[in-house]
Amino acid sequence: MKMALNGWMVSGFQGEVKIESVVKEVKAMGWDGIELCYGAGELSPTATKDDLKHIRKVVESEGLEIPSLATGFYWGCSLGSPDTEERKQAIEFTKTYIEAAHQLGAGAVLVLPGTVDVCFDPNRPTVPAKEVWKWAQDSIQQLTPIAETNQVVIALENVWSKFLTGPFEFAQFIDTFQSPWVKAYFDAGNCLINGYPEHWAEILGNRIARVHVKNFKRNNGGGTLDNFTPSLLDGDMNWKNLIQTLKVIGYDYYLTAEVIVGDMPDIKKAKQVADELKSILNENK
């Protein structure tokens, strides 16, 4: 398997640091790829094709790949919203996002299918799960032809949104599209609060297009966002079980480290996480 770094760690949540200024260091740390984060800074929806071609050239010139794009956009604008205008805005953003991924040579975009609520934003509405399912399904169905045209997978991520909270439900939702262009962006750390990542991986199987890794410490059977740790080696993740299960289901592509720390960007932390992931992979060959 290959190692990728989520770009927020080196460019910041708002794209404060240009990719061009950090790719050499990212490569030197031992990463094989970088997951670029779309929505702000030089990777905003206003970026031109020439802008994107330049970024791709800069990244690839250092011997790095761009396996996927990520974004925080959907926490504030949901594909599963019952509000027509919000949904339309989310669909239009996703079209641009997919097209940008194509220009950057990224084979997948991370997409949140919908949110029942947003635990860290009390201003966001609580939407019945049945409605989120209906509207998210409708939105993603509209986007599937765009994904196919651009040869970019819509990779739906399991997050703390109270939607698609178990692996069977998640698999069922993906299967409704009957399309190779709608798959899972499996976040192994996100399911530690109420399950075992290796169980999720076994059930999702070949639906998995990409994998995020992080760690989490359960607290009395649960936890909060504060229970995500700043180290891959600190927490309840059973790396041996996870890696072995991924091998069994035939996943041999990127593990993308998404370790969110309080002060981003953090180059030193990116190096630490690279060393940790190398160690995990070496121990589980």
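For the sequence shown, our numbering gives the first residue as 3, with consecutive numbering after it.
Don't be surprised by glycine CBs; every beta carbon is placed ideally from N, CA and C.
Alpha carbon to alpha carbon, what distance is there between ASN152 and VAL25? 26 angstroms
4 or more residues per run - each alpha helix (DSSP H) lying fully within the stretch 136-205: Those alpha helix (DSSP H) runs which fall completely within the stretch 136-205 and span 4+ residues are 169-177.
Specify the secondary structure class of ASN221 as computed by DSSP and reduced to three states. strand
Provide the residue(s) that pair with GLY35 in DSSP beta bridges, ordered along the chain. ALA6 and GLU67
What would DSSP say about TYR256, mapped onto helix, strand or coil? In the three-state reduction of the DSSP assignment, TYR256 falls in the strand class.
Can you give me the C-alpha to C-alpha distance between ALA190 and ASP85, rounded to a whole angstrom? 31 angstroms
Return the CA-CA distance between GLY35 and ALA42, expressed in angstroms with no decimal places. 20 angstroms
At what residues does the alpha helix (DSSP H) containing ARG89 begin and finish? 86-106
Can you tell me which residues form a DSSP beta bridge with HIS214? ASP189 and THR258
Grouping DSSP H, G and I as helix and E and B as strand, with all else coil, what is ALA2? The displayed coordinates of the chain run from 3 to 287. Any statement about residue 2 would go beyond what the structure contains.
Quick one: what's got a C-beta closer than 7 angstroms to VAL61's C-beta in the same chain, skipping five residues either side? By the criterion of a C-beta distance shorter than 7 angstroms, VAL61 is surrounded in its chain by ILE21, VAL25, ILE36 and ILE68, once the five residues flanking it on both sides are discounted.
What is the DSSP secondary structure of LYS275, counted as helix, strand or coil? According to the sequence shown, residue 275 is Val rather than Lys. VAL275: helix per DSSP, three-state reduction.
Nearest neighbour of ALA272, chosen from LYS4, VAL19 and MET31 [CA to CA]: MET31
Less than 9 angstroms between the beta carbons of ALA211 and ALA173, yes or no? no
Between ILE148 and LEU158, is the Cβ-Cβ spacing less than 9 angstroms? no
On the CB-based measure, 16 or more other CB atoms within 10 Å of its CB, does LYS216 come out buried or exposed? Buried: at least 16 other Cβ atoms inside 10 Å.
Have a look at ILE57 and LEU279 and give me their C-alpha separation to the nearest angstrom. 26 angstroms
Considering VAL120, what are the terminal residues of the alpha helix (DSSP H) in which it resides? Careful: VAL120 lies outside any alpha helix (DSSP H) and carries neither H nor E.
VAL111 lies in the beta strand (DSSP E); which residues open and close that run? For VAL111, the uninterrupted beta strand (DSSP E) run begins and ends at 110-113, by DSSP.
Give the straight-line distance between the Cα atoms of ALA313 and GLY65, rounded to the nearest whole angstrom. Any answer about residue 313 is impossible in this case: the structure gives the chain only from 3 up to 287.
Could you check if SER83 is buried or exposed, using at least 16 other CB atoms within 10 Å of its CB as the buried criterion? buried
From the DSSP output, read off the bridge partner residues of PHE230. Under DSSP, PHE230 forms a beta bridge with PHE218.
Report the three-state DSSP secondary structure of ILE21 (helix, strand or coil). In the structure shown, ILE21 sits in a helix (DSSP, three-state: H, G or I).
Does DSSP classify MET266 as helix, strand or coil? coil
Indicate whether ILE156 and VAL111 have their beta-carbon atoms separated by less than 9 angstroms. yes
What span of residues does the alpha helix (DSSP H) with GLN246 cover, start to end? 241-250
Counted within 10 angstroms of its Cβ, other Cβ atoms place GLU285 as buried (16 or more) or exposed: exposed
Spatial neighbours of LEU244 in its chain, beta-carbon cut-off 7 angstroms, leaving aside the 5 residues before and after: ALA190, PRO199, GLU200 and ALA203
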